[in-house]
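Student: So the sequences go chain by chain: A and B. So for the first sequence, this note's numbering puts the first residue at 1342; every next one is plus one. So for the second sequence, this note's numbering puts the first residue at 236; every next one is plus one. Ideal Cβ positions, reconstructed from N, Cα and C, are used throughout, including at glycine. Please read through the structure below; I'll follow up with questions.
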Amino acid sequence: MPFDQILIQLINGIVSGMILALVASGLTLIFGIMDVVNFAHGELFMLGAYAGVTILAATGNFWVALLAACVIIALLGAALQVVALRPLVGRDPLTTILATFGISLVLQNYALWQFGPVARKIQEPFTGHFRLFYLEYPWYRILIAVLSAAIIGMLWLFMKYGKYGIWIRATTQDRIMASAMGIPVPLVHTAVFAIGAAMAAASGVLFGPLVGVNHAMGLDVILRAFIVVVVGGMGNLGGSILAAIFISLLEALASIWVSPAQAVIVSFVVLILTLLFRPTGLFVPTPK
Amino acid sequence: MAERWHDEPWARDIWWSGKTTRRRFLGLSAAAGALGATMLVPPPWREAFGQAKPYKIGTMQPLSGAAAAGGKTALVGTQLAVDRINRAGGINGRPVELIIADYESKPDVGRRKAEKLLVEDKIDAHEGGFLSNVCLACMPVFEEHKVVNMIGVCLDTTMTTSKCSRYTFRPFDYAPAQAVAFAPYLIGKMGKKWHIAYADYAWGQSTRDAYADQIKKAGGEVVATTGIPLGTADMTAFLSKITGNFDGLFGIFFGKDGVTIGNQAFDLGLTKKYKWAGDGAIAESTNLPALGNKIEGFVGINRYVPVLDPPLNTSSHKKFFEEAIARLKQIDPSGPLPDRYVQANFEAMNALKVGIQKAGFRGREDTMKLIEALEGLEMKESDDFPQGDKTLRKEDHQAFIREFIFEIKGGKHRIVEVVPKEKTMFPPACTFPKA
């Protein structure tokens, strides 16, 4: 048993899982509260990274870039929700899927037109390494995992104890009753979309140093995020986080014994099995 | 607050109510008229050529989707060549009309767009293509319609070997020729034992085979290979497996995957532990800004490097270099240097021009004459071919050109060796299907 490889892949799986959990939690938050499958989430992730590049170039400070990118993309998300999604409330869910898909194409081509085809770089805030058996493992990857966990933790605390978090949970449980109790439901929807967009932006900025920033970077991440959301249970925040780590760990461990092309199939196998045997998600009970 | 935005009083005027007023009708009619009028304005080259019938040349590029970044720069090369041809009086006194098709980085869309170019737009010839899987999907379509297909970027080896077509030409290098040129350098100056990491799809696999073969012939050994699926954003789990007793890591990636492996192999210390070499597509000028200092010391091979050092210090190359930079600045504010996609499309269009002139090509009815003119075509270093001399071999329609072995130093390409085209030759392995 290659012990060193197992330990390395466990760390890889957890780190990749936390990055994926951050992307997926924004996606699942939006679905859970608004019943909107946001196909533009990958593009918000990408625009967040571009905003990070631009602000980093202007300020030279990674942390300022991270915060500012979140604010900018949250505002963009709010504007998109008001203009494109709010008019569709109460209509067939297919209309919101088509609308967000259209938004994703527009944003992707906008980025290509605005920033051009050359990939950009986000310089990580520090470049230290530590020895992990035969590898030099970057501290930055550990930092991403910790920050992702912190952001998701803050969201959980906000939802659990914050006044507006309670508004959001009330809206999720019963939109009509929440409205009758004086909660401004359309505003809650806009705020939730903005929070989801900000989380996508945060993951874009954090992930940017590993891959370079380009107009198509959201495409590679979003498919896995959708798998995680389905496996974790649509709209189930905790389930998505667990599913992200579970799938990433499975892929990383599988890559010890099989080729990368076979390892990436693991997530699809898990998706199919989930849909067959636990269609509501692995981490929520199947209704009797 | 109304739950539906357009139910709110302030929104009633801007949300379409289903009623068509006279004012709205007149406004829309005027807008449609203005749009129609702009469409009737002839293209700028029209005036200079009077009533001369243009050559309709189609070009298919991925201008949206995952490969759009490469497709955009590839199109710059084609447009640069067409504008230059039209400025110089066209071909045989006829202008070139470029018909651009975006295949959205998808093979099925590529086939459909190829059909449209051939059936509806009635193109005389095609120049372009970027993704190898799309080129492979479209080659039979050009063959069926008996139209010449001059490839601009696609590098999959089989296109001029086991899947070759009488109608398809590749006027630039391919992996076996690059491997013949690069293997002696890899073994002689870098190390004998290699691990190959490659993009796991048509081009990556055929390039891996070519290098494995030539490294062995040059006295070296490929100890292992790692294929990584195209578009993998986080390669760390797969790169973490790369370990053992070998001298160098050889990468075969392009586009954003080139950026990903460059960054993540460095982050894991692989490029420090092993010699780091690979296909020049990893370190294209359009990738360098995203790689920063993590690509420092990379040794690659490419048909084109954006430098004005010898032997690329010719007036022809300077002219191409400056025009390409100006053109690229229009699509990217950062002002990138030209890459091999710009160069190859520029020269592919010029190869088509030279063939058309030589054959006295009038239209599709002369396709066979054009094919015969292109077979064995010798292209001399000139304003048409600033990269250098090239030979388009008759037996497989594969060109042989000089190769540049380079190193990245200070964030820039530095030529370390030039391999003449005669030293890149690889035997043909093509039998054209009978017409």
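Do you know how far the Cα of B/Ala500 is from the Cα of A/Phe1630?
Tutor: Outside the shown range of chain A (1342 to 1629) lies residue 1630 of chain A, about which nothing can therefore be said.
Student: Identify, in the order they occur along the chain, each residue of the same chain with its Cβ nearer than 8 Å to the Cβ of B/Ile358, setting aside the five sequence neighbours on each side.
Tutor: Excluding positions up to five away in sequence, the list reads Lys291, Ile292, Gly293, Ile334, Leu352, Val382.
Student: Just to make sure I have the definition right: I need the residues of chain B whose C-beta is within less than 8 Å of the C-beta of A/Leu1453. Which are they?
Tutor: Within chain B, the residues near A/Leu1453 are Ser299, Ala303, Ala304, Lys307.
Student: Which full runs of the beta strand (DSSP E) of 3+ residues lie inside the stretch 1480-1540 of chain A, going along the chain?
Tutor: Counting only runs of 3 or more, we get nothing.
Student: Mapping the DSSP letters down to three states, classify A/Val1407 as helix, strand or coil.
Tutor: Going by the sequence as given, residue 1407 of chain A is Leu instead of Val. Helix, per DSSP.
Student: Taking B/Gly423 and B/Asp482 to be in contact with their CB atoms under 8 Å, please state how far apart those CB atoms are, rounded to whole angstroms.
Tutor: 12 Å between Cβ atoms; not a contact.
Student: Within 10 angstroms of the Cβ of A/Arg1432, are there 16 or more other Cβ atoms? Answer buried if so, exposed if not.
Tutor: Per the 10 Å Cβ criterion, exposed.
Student: In its own chain, which residues sit with a C-beta less than 7 Å from the C-beta of A/Ala1604, not counting the 5 before and 5 after it?
Tutor: Cβ within range, chain order: Glu1592, Ala1595, Ser1596.
Student: According to DSSP, what are the bridge partners of A/Arg1472?
Tutor: BP columns for A/Arg1472 point to A/Glu1477.
Student: So if I threshold CB-CB distances at 8 Å, which residues from the stretch 1532-1559 of chain A count as touching chain B?
Tutor: Against chain B - using a Cβ distance shorter than 8 Å - the residues of the stretch 1532-1559 of chain A are Phe1548, Pro1550, Leu1551, Val1552, Gly1553, Val1554, Asn1555, His1556, Ala1557, Met1558.
Student: For B/Asn528, count neighbouring Cβ atoms within 10 angstroms of its own Cβ and tell me buried if that reaches 16, exposed if not.
Tutor: B/Asn528 should be labelled exposed.
Student: Could you tell me if B/Glu613 is buried or exposed, where buried requires 16 or more neighbouring beta carbons within 10 angstroms of its beta carbon?
Tutor: Under this definition B/Glu613 is an exposed residue.
Student: From the DSSP output, read off the bridge partner residues of B/His361.
Tutor: In the DSSP output, where bridge partners are listed per residue, B/His361 has B/Gly293, B/Asn384.
Student: Just verifying my parser: in three-state terms, what is the DSSP assignment at B/Asp337?
Tutor: The answer is strand: DSSP assigns B/Asp337 an E or B state.
Student: Would you mind telling me which residues of chain A sit closer than 9 Å to B/Pro668, beta carbon to beta carbon, in chain order?
Tutor: Near B/Pro668 there are no residues of chain A at all, since even the closest Cβ is about 31 Å away, more than 9 Å.
Student: If we define contact as Cβ-Cβ less than 9 Å, is A/Gly1443 a contact residue for chain B?
Tutor: Not one chain B Cβ lies under 9 Å of A/Gly1443.
Student: Look at the Cβ atom of B/Gly387, then the Cβ atom of B/Ala309, and state whether they are nearer than 9 Å.
Tutor: Contact flag set, yes.
Student: Just list the residues that DSSP pairs B/Asp435 with in beta bridges.
Tutor: Beta-bridge pairing links B/Asp435 to no other residue.
Student: Quickly, what does DSSP pair B/Glu638 with across the bridge? List them, please.
Tutor: The partner list for B/Glu638 (beta bridge, DSSP) reads B/Val654.
Student: Anything in chain B within Cβ reach of A/Ser1489, meaning under 9 Å, just list it in chain order.
Tutor: Per Cβ cutoff of 9 Å: no residues; A/Ser1489 is ~13 Å from chain B at best.
Student: Using three-state DSSP, classify A/Leu1435 as helix, strand or coil.
Tutor: Correct three-state label for A/Leu1435: helix.
Student: When the cut-off is 9 Å and only beta carbons count, does A/Phe1403 lie next to chain B?
Tutor: Taking Cβ atoms only, chain B never reaches closer than 9 Å to A/Phe1403, which makes this a no.
Student: In whole angstroms, what is the alpha-carbon distance linking A/Val1423 and A/Val1529?
Tutor: Approximately 11 Å, taken between the alpha carbons.
Student: Tell me B/Gln633's beta-bridge partners as DSSP assigns them.
Tutor: According to DSSP, which records beta bridges pairwise, B/Gln633 is partnered with B/Arg405.
Student: Suppose you measure from the CA of B/Ala237 to the CA of A/Gly1418; what does that come to, to the nearest Å?
Tutor: At B/Ala237 the pLDDT is 49, less than 50, meaning the model places this residue with poor confidence; the figure from the coordinates comes in the next sentence. Straight-line Cα distance between these residues: approximately 20 Å.
Student: Determine, using beta carbons only, whether A/Gly1664 and A/Val1562 come nearer to each other than 9 Å.
Tutor: In the structure as shown, chain A begins at 1342 and stops at 1629. Residue 1664 of chain A is therefore absent and cannot be evaluated.
Student: Near B/Lys625, which residues of its chain fall below 7 Å by C-beta distance, leaving aside the five closest residues on each side in sequence?
Tutor: Answer for B/Lys625: Pro406, Met614, Ala634, Phe635, Ile636, Lys656, listed in chain order.
Student: What residues from the stretch 411-445 of chain B come within 9 Å of chain A, judged by C-beta to C-beta, listed N to C?
Tutor: The residues in question are Asp435.
Student: Would you list, in sequence order, the uninterrupted alpha helix (DSSP H) runs of no fewer than 4 residues that lie entirely inside the stretch 548-612 of chain B?
Tutor: You should have 550-566, 575-594, 602-609.
Student: Does DSSP put B/Arg329 in a helix, in a strand, or in coil?
Tutor: In this structure, B/Arg329 counts as strand in the three-state DSSP scheme.
Student: When Cβ atoms are compared, which residues of the stretch 505-523 of chain B fall closer than 9 Å to chain A?
Tutor: Correct list: Leu505, Lys507, Lys508, Ser520, Thr521, Asn522, Leu523.
Student: Who pairs with B/Trp429 in a beta bridge, going by DSSP?
Tutor: DSSP, once it has assigned bridges, lists B/Val457, B/Gly483 as partnering B/Trp429.
Student: Between B/Ile249 and the rest of its own chain, which residues show a CB-CB distance below 6 Å, the 5 nearest in sequence each way excluded?
Tutor: Any reading at B/Ile249 must be qualified, since the residue scores a pLDDT of 49, below 50, and its modelled position is unreliable; the value itself is stated next. Once the five neighbours on either side are set aside, B/Ile249 has no close Cβ partner at all.
Student: Determine, using beta-carbon pairs with one atom in the stretch 1445-1458 of chain A and one in the stretch 1549-1556 of chain A, whether at least three such pairs fall under 8 Å.
Tutor: In short, these stretches touch, since the Cβ pair count reaches three.
Student: Just to make sure I have the definition right: I need the residues of chain B whose C-beta is within less than 7 Å of the C-beta of A/Tyr1475. Which are they?
Tutor: Neighbours of A/Tyr1475 on chain B, chain order: Thr478.
Student: Assign B/Glu600 to one of two classes, buried (16 or more other C-beta atoms within 10 Å of its C-beta) or exposed (fewer than that).
Tutor: By the neighbour-count rule (16 or more Cβ atoms within 10 Å), B/Glu600 is not buried but exposed.
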